[in-house]
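Structure, as structure tokens:
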Amino acid sequence: MPDSALARVNWEHLPLRRVPSQARSRDKVIRALKAADEIVAADGAAAVNLSSVAERAGVSVGALYQYLPDRDAILAALSWRYHARLEALLDEVVADARRRPPTSNPVGYVIDAVAEIYREEASARSLRGSAGLPSFDEQRQAHRARMAAKVAELLQVAGITSSGRKPTPMIAAVAFTTADALLHEAFAAAEPERSQILEELRLVARGYLQARADD
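Start counting the sequence shown at 1; every next residue gets the next number (UniProt numbering).
This is the structure:
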């Protein structure tokens, strides 16, 4: 998780045991999230615990406990931050498509744009196995709903719907859920399998969206 992204922490919505009010306390939480991200990237989510994060972040266990009391809380906060980053990146893609709409192959444009967002999110992919954490499934469902809405907007501005209307929520949800599953599979695989999965995703998306273009 880049430092620049951590600097934009939304303290009101970040799931913490308590919200730090002082700059010094917020800095400790930011350092802890960065440390947790590094641990996940190096050793996987199973290696995350209160002691390992506190040690890597250079803060005491007691100081961290009041905000992130255990492994589940740390992973829930980390997942929320990953979701927020993916949503922000997709917002940037939509804004770019509004400025410069694709002139050809709009489905390929959408798939490639979303794939680029997922390409660098290896740590986020490793947390997919953390389902079952308190509120994790609810958090992920809310994230998927927001991402589907943004994908619907992207499909509209990219010119995939012939009438220029935004796709229905169901079409957008199916398109995003399919892409999400296959993109996680693609970037968990090595080449040439990764490229093969991405190409199959383009074909699946093109066939589905073209068939539903006027719905």
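Positions of the beta carbon are idealized from the N, C-alpha and C atoms, including for glycine.
Keeping to the same chain, check which residues put their C-beta closer than 6 Å to that of E38; ignore five residues upstream and five downstream.
none
Confirm, please, whether the CB-CB distance from T178 to V204 is below 8 Å.
yes
Among A41, L90 and A181, whose alpha-carbon lies nearest the alpha-carbon of A149?
L90
Check whether the region 80-89 and the region 177-192 are in contact - that is, three or more C-beta pairs closer than 8 Å.
no
Hey, K28 and A63 are a contact pair by Cβ (cut 8 Å); roughly how many whole angstroms apart?
6 Å
With distances taken from CA atoms, which of A57, G207, A175 and S25 is nearest A152?
A175
Please identify the residue among P169, D43, A46 and R146 whose C-alpha is closest to the C-alpha of R212.
P169
Can you list, in chain order, the residues of its chain whose CB lies under 8 Å from that of R144, leaving out five sequence neighbours each side?
A173, F176, T177 and D180
Tell whether a beta-carbon distance below 8 Å holds between V59 and R31.
yes
Return the chain-ordered ranges of every alpha helix (DSSP H) run that is complete within the UniProt domain "HTH tetR-type" (26-86) and spans a minimum of 4 residues.
50-57 and 61-65
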